[in-house]
Amino acid sequence: AFEKWNAYPQFCNDKTFGRVALIACLLASTLGVHLVLCLHLMLVRVGILDVRLLNGRLEQWVGEDVIQLALQWSVYVIVLCTFHLGEFFMTAVCNPSVTSAD
16 AFEKWNAYPQ FCNDKTFGRV ALIACLLAST LGVHLVLCLH LMLVRVGILD VRLLNGRLEQ
76 WVGEDVIQLA LQWSVYVIVL CTFHLGEFFM TAVCNPSVTS AD
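For the record, in the sequence shown the residue sitting at position 58 is 73 according to my numbering, with numbers rising by one throughout.
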């Protein structure tokens, strides 16, 4: 995916900081989006927010089972991203010589 970026030294191989920072940024962005989604779904489930906030078009499709499924998915992605970011940061702090975008 980075073949066209070989002219830039920070992206020339898997151990450069450009690729490592890009992967960490993508993981953190995914984590943030799913944290917001999970918070929104929890507030809908508790009854603080209404499903009609979805602009009314999806209201007939969004039942309790769809909210539960979306909540489970967001929690799964949150746990997955947290694990991989934690693994990534521990490797970067404890053994920076082997930190790579792989």
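Where is the CB? At the ideal position from N, CA and C, for every residue including glycine.
Being a predicted model, the structure only gives us computed values, none of them experimental.
Using the Cα positions of Met57 and Val90, report the straight-line distance between them to the nearest angstrom.
11 Å
Closer than 8 Å by C-beta to Gly78: which residues in its own chain qualify, once you throw out the five before and the five after it? Chain order, please.
none
Could you name each continuous alpha helix (DSSP H) segment of 4 residues or more that falls completely within the stretch 17 to 84, going from the start of the chain to the end?
32 to 61
Across the stretch 105 to 113 and the stretch 80 to 94, are there enough close Cβ pairs to call them in contact, namely three or more that are closer than 8 Å?
Between the stretch 105 to 113 and the stretch 80 to 94 there are fewer than three C-beta pairs closer than 8 Å, too few to call the two in contact.
Go ahead and pull the three-state DSSP assignment for Ala116.
coil
Under a Cβ-count criterion, where at least 16 other Cβ atoms within 10 Å of its own Cβ denotes burial, should Cys96 be classed as buried or exposed?
buried
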